[in-house]
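Residue numbers (the numbering used here): 10 to 311.
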């Protein structure tokens with residue numbers, strides 16, 4: 010749980026003493042992972058640094074070769090909707106288990122085709138302990154003012170978000186997906202990647218919808234045809250302290266669909282939910298919202 014660990018002590022200037030050092034791990038088998046740009050995909054997987062948090066959750070750093078991994082539902086209960094899943098990790102790591110594969114499987118179990126996006130990252134030191142200090146310092150520099158969007162950005166992540174949208178739509182028939190119902194969900198830096206994908210996409214090509222899970226709440230300029238947004242964050246989030254929901258208010262002002270969930274507790278990096286808090290409802294609420302918008306209604310064959 011990279012994002013949870015990174016934000017465990019809030020916005021303190023120094024890395025906390027109990028910051029967990031993950032155990033280096035061999036790269037897991039990423040069954041079905043597809044090079045995002047086909048034969049033109051840049052980078053190499055050889056330079057990736059994999060680790061496990063708390064002995065179970067995989068995370069990866071130094072990603073230069075982006076991939077997309079389909080996790081498809083049982084055809085008997087497939088809705089035709091699709092969600093690209095963007096894990097977080099301060100643009101310097103990806104919480105692949107906690108905010109990627111686990112989320113994708115939960116979506117597929119509910120009849121939604123899911124696609125885990127392993128997007129390109131900013132470089133970090135190879136050594137895990139050194140990387141932890143480096144990531145912490147860069148993250149603190151990247152959030153100088155919580156009332157504004159972070160200055161820490163990653164344009165390559167946005168490029169990969171756009172490419173993922175194109176790939177899913179181009180192969181919609183093969184994957185049993187309605188190209189008009191392809192959306193995104195992102196967590197922390199993944200939420201920022203989803204947001205930037207919405208903003209960077211051409212009019213008419215934006216994601217059909219997006220889940221913005223514990224992303225920065227600062228106001229932005231909203232396109233007239235912005236994708237519908239599901240905005241969820243814990244009100245005790247130490248990384249993005251509560252200041253209301255300016256970004257959602259901007260969506261309202263633009264007369265675009267938006268739903269807000271502010272959980273009393275959950276901290277940062279709760280993924281599919283922190284035990285004993287209402288954040289455990291986040292996926293069910295996201296899907297109920299998608300259903301309300303009509304995105305989960307199966308198409309009938311004439």
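Note that CB positions come from ideal geometry on N, CA and C, so glycine has one too. Note that this is a predicted model, so its numbers are computed, not measured.
_Rounded distance between the beta-carbons of residue 266 and residue 184, thought under 8 Å_ = Position 175 of the chain shown, counted from the start, is the residue given in the question as residue 184. Position 257 of the chain shown, counted from the start, is the residue given in the question as residue 266. Their Cβ separation, rounded to whole angstroms, is 25 Å, which puts residue 184 and residue 266 out of contact at 8 Å.
_Pairs of beta-carbons, one from the segment 227-247 and one from the segment 267-287, closer than 8 Å: are there three or more?_
The segment 227-247 makes contact with the segment 267-287; the number of CB pairs closer than 8 Å reaches 3 or more.
*Name the one or two DSSP bridge partners that residue 272 has.*
Looking up residue 272 in the chain shown gives position 263. BP columns for residue 272 point to 243.
*Three-state class that DSSP yields for residue 79 in the structure shown*: Position 70 of the chain shown, counted from the start, is the residue given in the question as residue 79. Correct three-state label for residue 79: strand.
*In its own chain, which residues sit with a C-beta less than 6 Å from the C-beta of residue 299, not counting the 5 before and 5 after it?*
Position 290 of the chain shown, counted from the start, is the residue given in the question as residue 299. Closer than 6 Å at Cβ, skipping near neighbours: 305.
*asked:* Cutting at 6 Å between CB atoms, please list the residues of its own chain near residue 113, excluding the five before and the five after it.
replied: Taking the chain shown and counting its residues from 1, the one referred to as residue 113 is at position 104. If we look at residue 113 and ignore the five residues flanking it on each side, its Cβ neighbours are 80, 94, 123, 125.
*Is it right to say residue 63 is buried, meaning 16 or more other beta carbons lie within 10 angstroms of its own, or is it exposed?*
Here residue 63 refers to the residue found at position 54 when the chain shown is read from its first residue. Under this definition residue 63 is an exposed residue.
*Taking Cβ positions, are residue 103 and residue 130 nearer each other than 8 Å?*
As a working note, residue 103 is residue 94 in the chain shown. As a working note, residue 130 is residue 121 in the chain shown. Going by C-beta atoms, residue 103 is nearer than 8 Å to residue 130.
*Roughly how many angstroms separate the alpha carbons of residue 308 and residue 90, rounded to a whole number?*
Numbered from 1 along the chain shown, position 299 holds the residue referred to as residue 308. Numbered from 1 along the chain shown, position 81 holds the residue referred to as residue 90. A direct Cα-to-Cα measurement between residue 308 and residue 90 gives close to 10 Å.
*Should residue 252 be labelled buried (16 or more other beta-carbon atoms within 10 Å of its own) or exposed?*
Numbered from 1 along the chain shown, position 243 holds the residue referred to as residue 252. Classification of residue 252: exposed, given that the 10 Å Cβ count is below 16.
*Where does residue 296 sit, in a helix, a strand or coil, going by DSSP?*
As a first step, residue 296 must be located in the chain shown, where it is residue number 287. Here residue 296 sits in helix by DSSP.
*DSSP state of residue 55 mapped onto helix, strand, coil*: One-based indexing of the chain shown puts residue 55 at position 46. Assigned with DSSP and collapsed to three states, residue 55 falls in helix.
*In chain order, what residues of the same chain have a beta carbon less than 7 Å from the beta carbon of residue 60, not counting five sequence neighbours either side?*
Counting from 1 along the chain shown, the entry for residue 60 is found at position 51. If you ignore the 5 residues before and after residue 60, its C-beta comes within less than 7 Å of the C-beta of 31, 32, 33, 34, 68, 137, all in its own chain and listed in chain order.
_Rounding to the nearest angstrom, what Cα-Cα distance links residue 150 and residue 277 in this structure?_
Along the chain shown, one-based indexing puts residue 150 at 141. Along the chain shown, one-based indexing puts residue 277 at 268. Going from the Cα of residue 150 to the Cα of residue 277 covers about 18 Å.
_With H, G and I counted as helix, E and B as strand and the rest as coil, what does DSSP make of residue 189?_
The count along the chain shown starts at 1 and reaches residue 189 at position 180. The answer is helix: DSSP assigns residue 189 an H, G or I state.
*Flag this pair as yes or no: are the beta carbons of residue 115 and residue 171 separated by less than 8 Å?*
On the chain shown, position 106 is the one that residue 115 refers to. On the chain shown, position 162 is the one that residue 171 refers to. Contact: no.
*asked:* Do residue 280 and residue 107 count as a contact pair if the criterion is CB distance below 8 Å?
replied: For the purposes of this step, residue 107 is identified with residue 98 of the chain shown, where counting begins at 1. For the purposes of this step, residue 280 is identified with residue 271 of the chain shown, where counting begins at 1. In contact: residue 107 and residue 280 (Cβ atoms closer than 8 Å).
_Going by DSSP, what residue range makes up the alpha helix (DSSP H) through residue 112?_
Counting from 1 along the chain shown, the entry for residue 112 is found at position 103. Residue 112 -> alpha helix (DSSP H) spans 111-118.
*Is residue 303 helix, strand or coil when you go by DSSP?*
One-based indexing of the chain shown puts residue 303 at position 294. Three-state result, residue 303: coil.
_Suppose you measure from the CA of residue 250 to the CA of residue 261; what does that come to, to the nearest Å?_
As a working note, residue 250 is residue 241 in the chain shown. As a working note, residue 261 is residue 252 in the chain shown. CA-to-CA, the gap between residue 250 and residue 261 works out to about 21 Å.
*Skipping 5 residues on each side, what residues in its chain have a beta carbon closer than 7 Å to that of residue 153?*
Walking along the chain shown from the start, residue 153 turns up at place 144. Annotation for residue 153: 160 place their beta carbon closer than 7 Å to its own, counting only its chain and skipping 5 residues before and after.
_Supposed contact pair residue 182 and residue 316 - C-beta distance, whole angstroms, cut 8 Å_ = What the structure shows of the chain is the stretch from 10 to 311, and residue 316 is not part of that stretch, so it cannot be assessed.
*Look at the Cβ atom of residue 163, then the Cβ atom of residue 100, and state whether they are nearer than 8 Å.*
Within the chain shown, residue 163 is the residue found at index 154, counting from 1. Within the chain shown, residue 100 is the residue found at index 91, counting from 1. Yes. Within cutoff.
*asked:* The beta strand (DSSP E) that contains residue 70, what's its start and end?
replied: Looking up residue 70 in the chain shown gives position 61. Per DSSP, residue 70 belongs to the beta strand (DSSP E) from 66-70.
*Which residue's Cα is closest to the Cα of residue 296: 44, 117, 199, 224?*
If you number the chain shown from 1, residue 296 lands on position 287. Closest option to residue 296, Cα to Cα, is 117.
*residue 221 lies in the beta strand (DSSP E); which residues open and close that run?*
Looking up residue 221 in the chain shown gives position 212. 219-222 is the extent of the beta strand (DSSP E) around residue 221.
*Under the three-state reduction of DSSP, which class applies to residue 141: helix, strand or coil?*
Residue 141 sits at position 132 when you count from the first residue of the chain shown. Three-state DSSP puts residue 141 in a helix.
*What's the gap between the Cα of residue 197 and the Cα of residue 223?*
On the chain shown, residue 197 is found 188 positions in, with the first residue counted as 1. On the chain shown, residue 223 is found 214 positions in, with the first residue counted as 1. Going from the Cα of residue 197 to the Cα of residue 223 covers about 5 Å.
*Are the CB atoms of residue 288 and residue 257 nearer to each other than 8 Å?*
As a first step, residue 288 must be located in the chain shown, where it is residue number 279. As a first step, residue 257 must be located in the chain shown, where it is residue number 248. For the 8 Å CB-CB criterion, residue 288 and residue 257 do not form a contact.
*Between 205, 46, 133, 97, which lies nearest to residue 175 when the distance is taken from Cα to Cα?*
Locating residue 175 in the chain shown gives position 166, where the first residue counts as 1. Per the C-alpha coordinates, the member of 205, 46, 133, 97 positioned closest to residue 175 is 46.
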